[in-house]
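One structure below.
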Amino acid sequence: MKSSALEFRLRFLIHAIIYVLGFSAPWNYWLHYDTIRTWQLLAATVARRGWLGFSAATDAFLIFGILCALAAAFLRTWAAAYLDSSIVESASMHGDLIVAAGPYRFLRNPLYLSISIHTLALALLMPPSGAIFSIVLIGFFQLRLIAAEEAFLTSKFGEPYLAYRAKVPSLLPALTPRVPASPIQPKWPQAFLGELYFWGVFLSFVIAGWRYNSFLIIRGVIISLGISLVARAFLPKR
């Protein structure tokens, strides 16, 4: 069930490939399916059932996308501030200490949870089949990464990590801190710089979303990715 070392090293590329396939959904063209976006389909479905008018439903799902993008950006930044952006971006696993500060007092895997939430936002911009494809594959890949990373940490720290793991949930956050705070100071500027892509996606939804044009938001997503790749050059190396 756990991912290999190669999968972990290439995890950002694997995520990117899944998203590209989700957005393009090439099988739709091969099978001559409609390329309507999930955002439109969900709004139309709600309107047909009489729960909301089409315009109100469109706005409701836009707000859902904005909230998902914001939650993912905030959680990523919060986690990176305590873990260190160089470790977040590293191609290998690290086990210098057990981080029990910030979001890590509420759940063990905030970075992976944030990716899943982020995927829900992006899925609104994909064709329905691409959205399902991305949500399922991203979720499955996150579980594989978690299994590999937690196996590594268990072998590295042994009983202390098992005790932490027994108290703190994996992906469903606890309502209150489950462990005492570690004496770790957050590095907010570095974390924000490292997670610029996620904040860019959030701003893309906020700024372009009210034009009700999925392709404008997708352009914002691509621009955010480009800016974040440039920003990574300024991150301190571990």
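Be aware that the sequence shown starts at 30, since it is given in my numbering, and climbs by one per residue. A virtual CB, placed ideally from N, CA and C, is assigned to each residue, including glycine.
Assign residue 44 to one of three DSSP states: helix, strand, or coil. On the sequence shown, residue 44 is found 15 positions in, with the first residue counted as 1. Look at residue 44 here: in three-state DSSP terms it is helix.
Going by C-alpha to C-alpha distance, which of 241, 60, 135 and 260 sits closest to residue 207? Here residue 207 refers to the residue found at position 178 when the sequence shown is read from its first residue. Nearest C-alpha to residue 207: 135.
Is the separation between the beta-carbon of residue 268 and that of residue 101 shorter than 8 angstroms? Examination of residue 268 is not possible in this model, given that the chain is present from 30 through 267 alone.
C-alpha gap between residue 262 and residue 256, whole angstroms: What you label residue 262 is simply residue 233 of the sequence shown in a count that begins at 1. What you label residue 256 is simply residue 227 of the sequence shown in a count that begins at 1. Rounded to whole angstroms, residue 262 to residue 256 spans 11 angstroms at the Cα level.
Skipping 5 residues on each side, what residues in its chain have a beta carbon closer than 8 angstroms to that of residue 80? Numbered from 1 along the sequence shown, position 51 holds the residue referred to as residue 80. Scanning its chain for C-beta atoms nearer than 8 angstroms, with the 5 sequence neighbours on each side dropped, one finds around residue 80 the residues 86, in chain order.
On the CB-based measure, 16 or more other CB atoms within 10 Å of its CB, does residue 236 come out buried or exposed? Within the sequence shown, the letter at position 207 stands for residue 236. So residue 236 counts as exposed.
Contact check, residue 171 vs residue 141 under 8 angstroms by CB: the rounded distance? For this step, residue 171 is matched to residue 142 along the sequence shown. For this step, residue 141 is matched to residue 112 along the sequence shown. About 5 angstroms separates the two Cβ atoms, so the contact holds.
Leaving out five residues on either side along the sequence, give the residues of the same chain with a beta carbon under 6 angstroms from the beta carbon of residue 254. On the sequence shown, position 225 is the one that residue 254 refers to. Result list for residue 254: 226, in chain order.
Measure the C-alpha to C-alpha separation of residue 177 and residue 183 and round it to an integer number of angstroms. The residue you call residue 177 lines up with position 148 of the sequence shown. The residue you call residue 183 lines up with position 154 of the sequence shown. Looking at the two C-alpha atoms, the distance is approximately 10 angstroms.
Give the secondary structure of residue 197 by DSSP, where H, G and I count as helix, E and B as strand, and everything else as coil. Walking along the sequence shown from the start, residue 197 turns up at place 168. Three-state DSSP puts residue 197 in coil, outside helix and strand.
With respect to the alpha helix (DSSP H) encompassing residue 173, which residues constitute its N-terminal and C-terminal limits? Position 144 of the sequence shown, counted from the start, is the residue given in the question as residue 173. Per DSSP, residue 173 belongs to the alpha helix (DSSP H) from 157 to 186.
Between the Cα of residue 222 and those of 238, 33 and 258, spot the shortest distance and give me the residue it belongs to. In the sequence shown, counting from the first residue as 1, residue 222 sits at position 193. It is 258 whose Cα lies nearest to the Cα of residue 222.
Can residue 175 and residue 199 be called in contact, C-beta distance under 8 angstroms? Numbered from 1 along the sequence shown, position 146 holds the residue referred to as residue 175. Numbered from 1 along the sequence shown, position 170 holds the residue referred to as residue 199. One thing to note: residue 175 has its Cβ within 8 angstroms of the Cβ of residue 199.
In angstroms with no decimal places, state the Cα-to-Cα distance between residue 274 and residue 204. With the chain covering only 30 through 267, there is no way to say anything about residue 274.
Quick one: Cα of residue 247 to Cα of residue 60, how far? Here residue 247 corresponds to residue number 218 of the sequence shown, with the count starting at 1. Here residue 60 corresponds to residue number 31 of the sequence shown, with the count starting at 1. Across the structure, residue 247 and residue 60 are spaced so that their CA atoms are roughly 24 angstroms apart.
Can you give the Cα-Cα distance for residue 156 and residue 250, rounded to whole angstroms? On the sequence shown, position 127 is the one that residue 156 refers to. On the sequence shown, position 221 is the one that residue 250 refers to. The C-alpha of residue 156 lies about 16 angstroms from the C-alpha of residue 250.
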